[in-house]
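Heads up, the thing below is written out as structure tokens.
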Amino acid sequence: MLEIKNLRVSIGERQILEGLNLTVHDGEVAAIMGPNGTGKSTLSYVISGRAGYEASEGDVLLNGQSLLDLEPWERAAKGVFLAFQYPVEIPGVGTMTFLKAALNAQRRARGEEELQTPELMKRVNAAAAKLGVAKEMLRRPLNSGFSGGEKKRMDILQMSLLEPSLGILDETDSGLDIDALRVVADGVNALRDKNRSFLVITHYQRLLDYIKPDTVHVMAKGRIQRSGGPELALELEESGYKDYIGEAA
Amino acid sequence: MAALKETVDAVEAIDVDAYKYGFVTDIESEKAPKGLSEEIVRFISAKKDEPDWLTDWRLAAYRRWLTMDEPRWARVEHPPIDYQDLYYYAAPKSTPGPASLEEVDPELLRTYEKLGIPLREQEILAGVETRKVAVDAVFDSVSVATTFKEELAKAGVIFCPISEAVRTHPELVRKYLGSVVPVTDNFFATLNSAVYSDGSFVYVPKGVRCPMELSTYFRINEKNTGQFERTLIIADEGSYVSYLEGCTAPKRDENQLHAAVVELVALDDAEIKYSTVQNWYPGDSDGKGGIYNFVTKRGDCRGRNSHISWTQVETGSAITWKYPSCILRGDNAQGEFYSIAVSNGRQQVDSGTKMIHLGRNTRSRIISKGISAGRSQNTYRGQVSAHRKAEGARNFTNCDSLLIGDRCGAHTVPYIESKNPSAQFEHEATTSKISEDQLFYAMQRGLSAEEATALIVNGFVRDVLQQLPMEFAVEAQKLISISLEGSVG
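Written as structure tokens, this is what we have:
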């Protein structure tokens, strides 16, 4: 379970999050919707621990434990996974090498035994088959020369391998055509589990046609302005965000 | 016997010198006094029982050196070196040249251990012959342990300290010494010619494929001792040899000068692979201490279809000034240079290669990966040239620089000259930074800051690591991670 309590974050002089509260239960898929520049990506970075995104007040708890004093890799080992808006290329580092290094770093941190290559290969190949990731892609350096859709699929493949307890999807739909979006959404849906929560950050309703949220939260001016069920997303599609940013400076 | 006569001559020469120059030459002394003079050059030569021709060769170099100036074109800065404040000869405390390992001072063996010599060399030094790597260990200036000699001898390969080769194979040494790097070549090479202490000599006879990798560890241990290694490798027609050189040095406060010369000669259809892993003391984070590494390495592809390949992983030294080069003299000769140069702290690296195309259809390939972190400066300087007769010469150069942090520098200085219209030279260069995005991405997946950096850097240098012999590649990979420790966060 993810609990965000009165979270305040500034970047430089600018206050981005101004006392944000949010709870996402185990097994719940929560959509965060909101206009551009409202701090949605900042929220994903604060939870995952990116340098420069530190909270001045409030707390972020995962399964009852505060994340804010942990390094990014410690948070990852605790089960935080961020699917990036723009997954990064790492030239020269084989995809398999990266997957093994990441998975085993997390296992070590949790005091679990490291996975040997044959077992890892088995798991990766199974996940790749489900997501339509070609074997040839696994032999290439991580994300190097991959198309936008391939990169997103690789991120979802990593998520299924790392089995996080919280998956954050940051504008996963951006840059995807409708076919790629469907594949990625199917991948996420297959990972839905009663012990896993998702935070789906998006600008458009479109993604939510494929990943059906349990709850929808409207974020504006650094806070959750309104929460509701899936019908809220449809309402936003009609009316836009103007009601929430009306009195903004 | 000639050798005996030479010894007698040498001893007489010492006495004459001692008298003539008022300099008491104590043949038992472990060290020559500080400073450089004709007497010191004669002393070194006498210590090694060298024949007259070699003493004269050294003296000619010394006289030439007096007329030369230090090169100033490299992008490095250091306080002036007082050449009169250095020792030019030091022997280890134990008896030089023990007949067996039992005679080796256990203190020396312990030092090897502390320096982290990989297990396989330790085993060999301890007499456990499990791996076929021959080690000619140079401790300060005198070789103290040589192994696998017999097996090499069976193949007809000569692998010994160059001081010994002067006595046992004077005709080979005399023919090839200084034939690639002439005595007059440059300030540091000329200095080396005058005062070189010892080094390795390799001769692989016609048609012989050397049965094992040859390996030498150089150490610098005596305080204030300039080290002047001299290495000469000759691959006769149709032969093959792979030579590995690895270096470490204990921590010292004063800067230590190191000016080695390595000469490679490949005759018709011969191939030499020369790999180096260098991790000498780079100085502390303020730039205090550390080795000055001013090295001249050159290979002469003298024969048709000859092939010389340099691979280097450079992580150490306060200052590196080093350009392993190939003279592609024979038709169809091939030269290669694969380099990883890592600099951190206050290190300064000015390194690269020269590919001199003289023969027809000669080919060369340069892959250089520079990584700068901390406040270091890392320069690639490379020359590719085609002579008038170098019909069909081809070169491909790829030169990538990676920056870690925002206080270091990377510089690329290619010199390309072609006097033959049929020559084809290609040059690619990139400079990039390890991005916050890459680091955060890898850390978000569970890798610590240092693991993430090491992974990204190892990806960057992968093309070059693949050129190293397997066991060396693993060490090199670790070494790169170690040298970048503390460069992030």
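Residue numbers (the working numbering), protein chains in the order written: chain A, 2 to 250; chain B, 15 to 503. Ideal Cβ positions, reconstructed from N, Cα and C, are used throughout, including at glycine.
Checklist entry - Near A:G80, what residues of its chain come up, given a Cβ to Cβ distance below 7 Å and the 5 sequence neighbours on each side ignored? => result L63, P165, S166 and L167
Checklist entry - Interface residues of chain A around B:E465 at Cβ under 9 Å? => result W74, A102 and A106
Checklist entry - What do you get for B:Q438, buried or exposed, if any count of 16 or more other CB atoms within 10 angstroms of its CB means buried? => result exposed
Next on the checklist: Using a 10 Å radius around the Cβ and a threshold of 16 neighbouring Cβ atoms, would you call B:S436 buried or exposed?
Outcome noted: exposed
Item to check | Min CB distance A:P92 to chain B below 8 Å | outcome: yes
Checklist entry - For A:V89, which residues in chain B fall below 7 Å Cβ to Cβ? => result D451, Q452 and Y455
Checklist entry - Exposed or buried, which one is B:T334 when buried takes at least 16 other CB atoms within 10 Å? => result buried
Checklist entry - Mind checking if A:G13 is an interface residue toward chain B, Cβ cutoff 8 Å exclusive? => result no
Next on the checklist: Using the Cβ count rule (16 or more neighbours within 10 Å means buried), how would you classify A:R15?
Outcome noted: exposed
Next on the checklist: Can you tell me which residues form a DSSP beta bridge with B:E350?
Outcome noted: B:S323 and B:R379
Checklist entry - If you draw a straight line from the alpha carbon of A:Y205 to that of A:E238, how long is it in whole angstroms? => result 8 Å
Checklist entry - Going along chain A in order, which residues have a C-beta closer than 7 Å to the C-beta of B:Q458? => result S49, P73, A77 and L83
Item to check | Residues within the segment 157-178 of chain A neighbouring chain B, beta-carbon criterion of under 8 Å | outcome: Q159 and L163
Next on the checklist: Between A:L209, A:Q159 and A:L208, which has its C-alpha nearest A:A84's C-alpha?
Outcome noted: A:Q159
Next on the checklist: Under 8 Å, Cβ to Cβ, is there at least one residue of chain B near A:A32?
Outcome noted: no
Checklist entry - Along the chain, which unbroken stretches of the alpha helix (DSSP H) at least 4 residues long are found entirely within the segment 27-52 of chain A? => result 41-49
Checklist entry - Using a beta-carbon distance below 8 Å, is B:L469 in contact with chain A? => result yes
Checklist entry - Who are the Cβ neighbours of B:E440 in its own chain at under 6 Å, not counting the five residues just before and after it? => result F410
Checklist entry - Which residues does DSSP pair with A:K195 in a beta bridge? => result DSSP, once it has assigned bridges, lists no residue as partnering A:K195.
Checklist entry - Closest to B:L246 by CA distance: which of B:G349, B:D63, B:G221 and B:V194 is it? => result B:V194
Checklist entry - With a cut-off of 8 Å, do at least 3 Cβ pairs link the segment 113-120 of chain A to the segment 465-482 of chain B? => result no
Checklist entry - Short check: CB of B:L258 to CB of B:L278, under 8 Å? => result no
Checklist entry - For A:P73, which of helix, strand or coil comes out of DSSP? => result helix
Checklist entry - Taking the alpha helix (DSSP H) that B:A452 falls in, what are its first and last residues? => result Going by the sequence as given, residue 452 of chain B is Gln instead of Ala. Looking at the DSSP string, the run of the alpha helix (DSSP H) that includes B:Q452 is E450 to Q458.
Next on the checklist: Is A:A110 close to chain B? Criterion is C-beta to C-beta, closer than 8 Å.
Outcome noted: yes
Item to check | Segments of 4+ residues assigned as alpha helix (DSSP H) that fall wholly inside the segment 163-238 of chain A | outcome: 179-192
Checklist entry - Could one say the Cβ of B:L73 lies closer than 8 Å to chain A's Cβ atoms, at least one of them? => result no
Next on the checklist: If we require 4 or more residues per run, which alpha helix (DSSP H) segments fall completely within the segment 113-157 of chain A?
Outcome noted: 118-132 and 136-140
Item to check | Proximity to B:G297 [Cα-Cα], best of B:V209, B:K62, B:G359 and B:N392 | outcome: B:G359
Next on the checklist: Using only the alpha-carbon positions, how far apart do A:L121 and B:K302 sit?
Outcome noted: 47 Å
Item to check | Contact set for B:G585: own chain, Cβ-Cβ below 7 Å, skip 5 residues either direction | outcome: What the structure shows of chain B is the stretch from 15 to 503, and residue 585 of chain B is not part of that stretch, so it cannot be assessed.
Item to check | Residue of B:D199, B:G49 and B:L372 minimising C-alpha distance to B:W560 | outcome: In the structure as shown, chain B begins at 15 and stops at 503. Residue 560 of chain B is therefore absent and cannot be evaluated.
Next on the checklist: Less than 8 Å between the beta carbons of A:P252 and A:P36, yes or no?
Outcome noted: Here chain A has residues from 2 to 250 only, and residue 252 of chain A is not among them.
Next on the checklist: Between B:L133 and chain A, is the shortest Cβ-Cβ distance under 8 Å, so that the two count as touching?
Outcome noted: Per-residue confidence for B:L133 stands at a pLDDT of 41, beneath the threshold of 50, marking its modelled position as unreliable; no derived number is given.
Checklist entry - alpha helix (DSSP H) containing B:N472: first to last residue? => result A463 to F474
Checklist entry - With DSSP run on the structure shown, which of helix, strand or coil describes B:R249? => result In the sequence on display, residue 249 of chain B carries Ala and not Arg. B:A249: strand per DSSP, three-state reduction.
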